[in-house]
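Position 300, counted from 1, in the sequence shown is what numbering that gives the first Met the number 0 calls 299; the numbers after and before it change by one each time, with no gaps.
For glycine and all other residues, C-beta sits at the position ideal for the given N, C-alpha and C.
A short worksheet on the structure shown next.
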Amino acid sequence: MTTTNSINSNSQFETNIENSLLNKYGMNILNTPFVSDDDIQLGLGERYIIVEKLLEAHEFAKINVLAGNITGRGFATNVCTVDRAWSMGTNFNNTRNDISSICGERSAILASYNEALLRYSRRPRGKFDFKIKYLCMASNIDLEEITEMIAPCEDCLSWLNTNRYFNFNTLVFSFERIKGEFVVRASRLASFLPYKTYATSNEFDFNKEIRFSKNSQVSFVKFKLEPKDALNLLFEAYKKYDKNEFVGVSNQNIAAAIISNDEIYSSCKIDWTKRWHVEPLEEAASRAIEKFGKETQIKAIAYFGDEASANNGEIYNDGVVSIKSLGRIRQKYATNDTLLILNFHNYILITTIGEYLPKKFEQGYKIS
Numbered sequence: 000m001t002t003t004n005s006i007n008s009n010s011q012f013e014t015n016i017e018n019s020l021l022n023k024y025g026m027n028i029l030n031t032p033f034v035s036d037d038d039i040q041l042g043l044g045e046r047y048i049i050v051e052k053l054l055e056a057h058e059f060a061k062i063n064v065l066a067g068n069i070t071g072r073g074f075a076t077n078v079c080t081v082d083r084a085w086s087m088g089t090n091f092n093n094t095r096n097d098i099s100s101i102c103g104e105r106s107a108i109l110a111s112y113n114e115a116l117l118r119y120s121r122r123p124r125g126k127f128d129f130k131i132k133y134l135c136m137a138s139n140i141d142l143e144e145i146t147e148m149i150a151p152c153e154d155c156l157s158w159l160n161t162n163r164y165f166n167f168n169t170l171v172f173s174f175e176r177i178k179g180e181f182v183v184r185a186s187r188l189a190s191f192l193p194y195k196t197y198a199t200s201n202e203f204d205f206n207k208e209i210r211f212s213k214n215s216q217v218s219f220v221k222f223k224l225e226p227k228d229a230l231n232l233l234f235e236a237y238k239k240y241d242k243n244e245f246v247g248v249s250n251q252n253i254a255a256a257i258i259s260n261d262e263i264y265s266s267c268k269i270d271w272t273k274r275w276h277v278e279p280l281e282e283a284a285s286r287a288i289e290k291f292g293k294e295t296q297i298k299a300i301a302y303f304g305d306e307a308s309a310n311n312g313e314i315y316n317d318g319v320v321s322i323k324s325l326g327r328i329r330q331k332y333a334t335n336d337t338l339l340i341l342n343f344h345n346y347i348l349i350t351t352i353g354e355y356l357p358k359k360f361e362q363g364y365k366i367s
């Protein structure tokens, strides 16, 4: 664990502290440690702002619960753009189902984007450039009861896993308690995102080198599988990819195959419109779940497809693997030990969900 250690006096942020939320909550910025597993440097003035924005989000989340939101849970995020503009959003639940709900992170990002667009419309100089610098995440849980950091959920991470509005320098902050001490956790967004620098290939070759991750060998034994089973599963995904004729909208062809209860299920991406498509992993998993019910056990997953989509001449590096889908099936029908087979340009990687998705993805995971 690295403790951020750059504390610089900045008088412009030290004024009016007596009227701030720090005073309301009885917090002293000098006695509030910032901790991180990453090398992050923040001056005193910047720390003061971050804590203020975290407390604002905390109060906003509490108000959302008092207002009677459907889920009875409150989360809010304060977002800062690179031009130092702040915007806040909270989780919005129109109904309990997925389509009609939006998390605090995405709510804040949308608010920030709209406000940035309004600022640009008043003085449209050059290309509109919208980038997120900070995400300050909080919940309605009383500060005295906070134990664990708040991490972006899988749905939000699917949004954040892009270089369009985010980069490796985007920072995520939240309150946490470590061995009884109340701290601010600082993390680089990149630390939440898997294999960010790798690009998969849509060319199939059985003769590629096969690389095994640290935990994959244990999973082969646990699930009574062999490397040839993983290669066969990747080939099944490739066959779906090769025959897929339903991606004319996005021009991004993706297929997934799973081994569940010793049977193989595969599916391909189907575009409905520019915004909506069938996610192949969820489709393949749902067919297994329909057959095996509560006994469903997904032992291995293979993804194959196009790294990018295209629209109106612009290329979007969307990636092949769906963070959202992996996160969802891991909640119940798969585990961290479930094998994940990926086709890269020069080799085939056999890893596990737990290694691919950092443990910070798991809601309630305690960093030690």
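Taking the C-alpha atoms as reference points, what is the distance between residue i and residue j?
i, j, result
"Phe222", "Ala299", "9 Å"
"Ser8", "Leu20", "Because Ser8 sits at a pLDDT of 33, beneath the cut-off of 50, its placement in the model cannot be relied upon, and the following sentence gives the value as read from the coordinates. Taking the straight line from one Cα to the other gives about 20 Å."
"Phe12", "Ser249", "Here Phe12 scores only 38 on pLDDT, less than 50, and its place in the model is too uncertain to base an answer on."
"Trp158", "Pro151", "10 Å"
"Glu294", "Pro32", "46 Å"
"Arg286", "Cys155", "26 Å"
"Ile149", "Leu53", "11 Å"
"Asn90", "Gly67", "12 Å"
"Asn325", "Gly42", "This sequence places Leu at residue 325; Asn is not what is there. Taking the straight line joining both Cα atoms gives about 38 Å."
"Thr146", "Asn30", "18 Å"
"Ala256", "Phe191", "25 Å"
"Asn345", "Ser212", "16 Å"
"Asp82", "Asp128", "10 Å"
"Asn231", "Gln296", "18 Å"
"His57", "Met87", "11 Å"
"Lys242", "Gly312", "24 Å"
"Glu104", "Asp141", "20 Å"
"Leu170", "Val182", "16 Å"
"Gly363", "Lys238", "Because Gly363 sits at a pLDDT of 35, beneath the cut-off of 50, its placement in the model cannot be relied upon, and the point is left open."
"Glu143", "Leu65", "19 Å"
"Lys195", "Tyr24", "Bear in mind that the predicted position of Lys195 carries a pLDDT of just 49, short of 50, making it unreliable; the figure below should be weighed with that in mind. Straight-line Cα distance between these residues: approximately 38 Å."
Taking the DSSP output, what are the residues bridged to residue i?
i, result
"Cys102", "Per DSSP, none; premise fails for Cys102."
"Ile263", "Ile258"
"Cys135", "Asn77 and Phe172"
"His276", "Asp270"
"Ile314", "Ala309"
"Phe33", "Val183"
"Ile253", "Gly304"
"Asn92", "Ser100"
Report the three-state DSSP secondary structure of residue i (helix, strand or coil).
i, result
"Ile177", "strand"
"Leu348", "strand"
"Ala333", "coil"
"Leu338", "strand"
"Ala66", "coil"
"Tyr240", "helix"
"Lys298", "strand"
"Lys195", "With a pLDDT of 49 at Lys195, under the threshold of 50, the modelled position of this residue cannot be trusted; read the value that follows with caution. Note: Lys195 maps to coil in three-state DSSP."
"Ser86", "strand"
"Ile209", "strand"
"Lys223", "coil"
"Gly304", "strand"
"Asn162", "coil"
"Phe343", "strand"
"Arg286", "helix"
"Cys152", "coil"
"Val217", "helix"
"Ile48", "helix"
"Ser190", "helix"
"Tyr24", "coil"
"Glu281", "helix"
"Ser157", "helix"
"Ile145", "coil"
Taking a contact to mean a Cβ-Cβ separation below 7 Å, would you say residue i touches residue j in this structure?
i, j, result
"Phe167", "Ala189", "yes"
"Glu282", "Ser266", "yes"
"Asn214", "Thr351", "yes"
"Ala137", "Ala75", "yes"
"Lys61", "Asn160", "no"
"Ser308", "Tyr315", "yes"
"Tyr302", "Leu341", "yes"
"Ile108", "Ile209", "no"
"Asp37", "Arg187", "yes"
"Thr199", "Val277", "no"
"Tyr240", "Gly179", "no"
"Ile253", "Lys268", "yes"
"Tyr355", "Pro123", "no"
"Ile49", "Phe174", "no"
"Glu153", "Lys323", "yes"
"Phe291", "Asn260", "yes"
"Glu55", "Asn27", "no"
"Ile263", "Glu306", "no"
"Asn92", "Ser100", "yes"
Quick check: does the Cβ of residue i come within less than 6 Å of any heavy atom belonging to the ligand MN?
i, result
"Ala307", "By its list of ligands, the structure shown contains no ligand whatsoever, and the ligand MN lies outside what it can speak to."
Does the structure place the stretch 112-119 close enough to the stretch 133-146 that three or more beta carbon pairs sit under 8 Å? no
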